[in-house]
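Heads up, the thing below is written out as structure tokens.
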Amino acid sequence: MPDLPKKLARWLENGEALPHLRPVIAELLDLTKDPSATLDVLMPSLSCDPALVGHLLRQANSPVMGLSGKVTTLQLAMSLLGVDEMKRIVLSCFLNSATEHIPLTRALMRRGYWKHSVACANASWAIATVVAPYEKEECYLAGLLHDVGWLVLGACFPDELDQLLGLPGEGLEIMGLEFRMLGARHTEAGAELCRRWRFPAMITEAVEQHHTPAQARRHTVITDVVNISEAFANNMEYGFDVYEQERDPFASFSFRRLGKTIPAHKMPSAQDFSEIAEAAIKDVIRTPANV
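Quick note on the numbering used here: the sequence shown kicks off at 2 and runs consecutively.
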């Protein structure tokens with residue numbers, strides 16, 4: 002565990018402050034490792050989670066699906082929504098339910114925290130579908146969680162965080178102020194929360210290094226995907242990030258490294274990346290950002 006302020010460490014150590022990881026989430030991540038597996042194996046866990054079942058039924062009965070009021074069973078909802086949409090809904094519901102007890106500070110609401118997180122998650126899923134299809138669920142979840150440390154800091158230091166996020170200044174100045182004013186960075190707080198939730202190391206590293214991808218050592222692909230996705234989210238004005246003035250708006254380092262990691266015939270061009278991310282981010286309104 003990093004050297005965190007005592008107040009923050011106590012909050013993270015408080016069992017009541019950290020909801021248990023829903024069994025269906027762990028099963029969903031395991032499911033992605035078996036290409037032959039189907040969503041049927043999730044039925045027992047989903048059936049025991051009324052909140053998730055209710056949300057899935059609401060989504061299946063939405064006007065977009067064209068069957069308003071006619072979908073009454075979980076199995077029918079799953080078949081209508083499809084595998085990919087089902088996975089994204091479950092992962093999004095987890096984060097919202099797990100953090101619903103943490104109030105957003107004024108600055109986090111003003112900066113559009115949730116809108117930015119969902120935009121980054123959608124872009125991460127879309128890009129991973131091309132460059133890392135067997136890790137797209139992890140990429141989506143990492144994109145959704147990449148700034149969760151801001152919620153943790155806001156829970157522990159609400160007034161100080163609002164003061165920090167209200168300050169003018171270049172990104173590098175605010176990076177230093179974040180540590181000096183709060184005693185920790187949101188990347189560290191978010192990564193520690195992921196460890197407490199026992200998420201895979203690849204998600205934890207992506208959350209911890211999404212501003213500093215060059216420091217990622219083991220899980221570079223997912224870190225680069227999240228870094229690129231956040232850059233596109235900021236460019237499309239779905240930005241929350243206080244560092245965006247400091248950072249490369251095109252995530253050049255991550256793009257170059259990804260090009261060395263992914264086989265050439267699978268690596269999209271910069272223009273392709275832009276189109277993939279833009280289409281996914283424009284779809285952000287359909288993603289359940291608030292459950």
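Yeah, the Cβ is synthetic: ideal placement off N, Cα and C, and Gly gets one too.
> Looking at C-alpha atoms only, which residue of Met237, Asp148, Val208, His147 is the closest neighbour of isoleucine 277?
Replying inline: Nearest C-alpha to isoleucine 277: Met237.
>> If the criterion is Cβ atoms closer than 8 Å, does the pair alanine 124 and alanine 234 meet it?
In response: yes
>> Between the alpha carbons of leucine 75 and aspartate 41, how many angstroms are there, rounded?
In response: 11 Å
>> Quick check on the DSSP output: what are the complete alpha helix (DSSP H) runs of length 4 or more inside the segment 123 to 160, in order along the chain?
In response: 137 to 146, 149 to 157
>> Contact defined as beta carbons within less than 8 Å: I believe glutamate 139 pairs with proline 201. What is the distance between those atoms, to the nearest angstrom?
In response: 6 Å
>> Within a Cβ cutoff of 6 Å, which residues of the same chain sit near leucine 145, ignoring the five residues on either side of it in sequence?
In response: Cβ neighbours of leucine 145 beyond the five flanking positions: Leu96, Ser118, Ala122.
> Per the contact definition of three or more C-beta pairs closer than 8 Å, is the segment 82 to 101 in contact with the segment 41 to 53?
Replying inline: Enough Cβ pairs lie closer than 8 Å, so yes.
>> Whether or not the segment 253 to 262 and the segment 149 to 163 are in contact is what I'm after, with contact meaning three or more pairs of Cβ atoms, one per stretch, closer than 8 Å; do they touch?
In response: no
>> Rounded to whole angstroms, what is the Cα-Cα separation between aspartate 4 and valine 132?
In response: 35 Å
>> Restricting to Cα atoms, I'd like to know which of Ile282, Lys71, Asp85, Pro159 is closest to isoleucine 229.
In response: Ile282
> Going by alpha carbons, who is nearest to alanine 185 out of Met203, Asn15, Ile204, Leu162?
Replying inline: Looking at the Cα atoms, Leu162 is the closest of the given residues.
>> Rounded to whole angstroms, what is the Cα-Cα separation between tyrosine 239 and alanine 108?
In response: Taken atom to atom, the span from the alpha-carbon of tyrosine 239 to that of alanine 108 is near 15 Å.
> What are the start and end residues of the alpha helix (DSSP H) that includes isoleucine 204?
Replying inline: 202 to 209
> By DSSP, does glutamate 171 sit in helix, in strand, or in coil?
Replying inline: Since pLDDT at glutamate 171 reaches only 48, below the 50 mark, its modelled position is unreliable, and the value read off the structure follows with that caveat. Correct three-state label for glutamate 171: coil.
>> What does the Cβ neighbour count give for arginine 219, buried or exposed, with the cut at 16 atoms within 10 Å?
In response: exposed
> Is the distance from the Cβ of threonine 205 to the Cβ of arginine 196 below 8 Å?
Replying inline: yes
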